[in-house]
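Visitor: Structure in structure tokens, see below.
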């Protein structure tokens with residue numbers, strides 16, 4: 001008989017969720033045990049899936065085991081095209097955060113993002129308002145709000161809905177970055193290396209197997 005944790009873990013993986021310490025520490029800790037990884041993999045293997053870690057080893061994802069089928073390849077390409085289509089928006093967001101934080105590293109799982117702190121820093125550096133405005137015009141973050149507070153909230157809310165951020169507390173204004181950022185960086189690395197997803201040979205890459 002399978003355990004509730006096993007069932008929850010498999011369900012989350014098949015829903016294409018990225019499991020990390022931030023998004024669900026209980027499932028993440030469950031998957032850290034080799035025996036549990038084996039049990040999950042045995043089940044997933046029956047449906048052409050496998051458990052995989054991001055290259056940073058800070059998150060677990062579900063991936064296809066055999067990608068020779070044309071339908072499977074197309075499903076993977078579709079997923080990567082979604083990332084490619086929004087790549088500029090994500091890069092703009094990361095650059096804005098790096099400017100606000102005055103550091104040269106991207107958002108990493110576990111990082112805290114405060115809506116209030118972002119607003120205060122933008123207010124102190126008006127030149128960043130145009131960058132925020134440009135970001136808020138991107139399709140993935142689009143909002144009709146013209147004020148900085150509304151634009152910041154729209155961007156952070158969109159990232160929460162996509163699984164990149166998890167709220168901290170009940171204020172709705174403080175977030176922690178999840179392991180989906182690691183998944184995104186893996187996808188970005190693949191896209192940059194292959195300059196798009198064109199030929200069938202690209203689908204044989206390990207990165208292409210990531211959900």
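Residue numbers (the UniProt record's numbering): 1 to 211. Just so you know, even glycine gets a beta-carbon here, dropped at the ideal spot from N, CA and C. On a predicted model such as this, the values are computed, not experimentally measured, just so you know.
Quick one: Cα of residue 154 to Cα of residue 25, how far?
Guide: Their backbone Cα atoms lie some 26 Å apart in a straight line.
Visitor: Spatial neighbours of residue 191 within its chain, please: C-beta separation below 6 Å, excluding the five flanking residues on both sides.
Guide: 84
Visitor: Among 152, 76, 46, 90, whose alpha-carbon lies nearest the alpha-carbon of residue 119?
Guide: 152
Visitor: Could you spell out where the beta strand (DSSP E) holding residue 134 opens and where it closes?
Guide: Premise fails: residue 134 lies in the alpha helix (DSSP H), 127 to 136, not in any beta strand (DSSP E).
Visitor: Return the CA-CA distance between residue 8 and residue 128, expressed in angstroms with no decimal places.
Guide: 42 Å
Visitor: For residue 180, does the three-state DSSP call read helix, strand or coil?
Guide: helix
Visitor: Could you tell me if residue 71 is buried or exposed, where buried requires 16 or more neighbouring beta carbons within 10 angstroms of its beta carbon?
Guide: exposed
Visitor: Just the C-alpha distance for residue 193 and residue 187, rounded to the nearest angstrom, thanks.
Guide: 10 Å
Visitor: Looking at the secondary structure, which residues open and close the beta strand (DSSP E) in which residue 61 lies?
Guide: Note, residue 61: beta strand (DSSP E), 59 to 64.
Visitor: Can you tell me whether residue 58 is buried or exposed? The criterion is at least 16 other CB atoms within 10 Å of its CB, across all chains shown.
Guide: buried
Visitor: May I ask you to list the residues that DSSP assigns as paired with residue 114?
Guide: Looking at the DSSP output, residue 114 bridges to 174.
Visitor: Write down the C-beta distance between residue 139 and residue 92 rounded to the nearest angstrom, noting that I regard them as a contact closer than 8 Å.
Guide: That pair is no contact at about 12 Å.
Visitor: Is there contact between the region 59 to 79 and the region 26 to 45, where contact requires at least three CB pairs shorter than 8 Å?
Guide: Contact between the region 59 to 79 and the region 26 to 45 is present, because at least three Cβ pairs lie under 8 Å.
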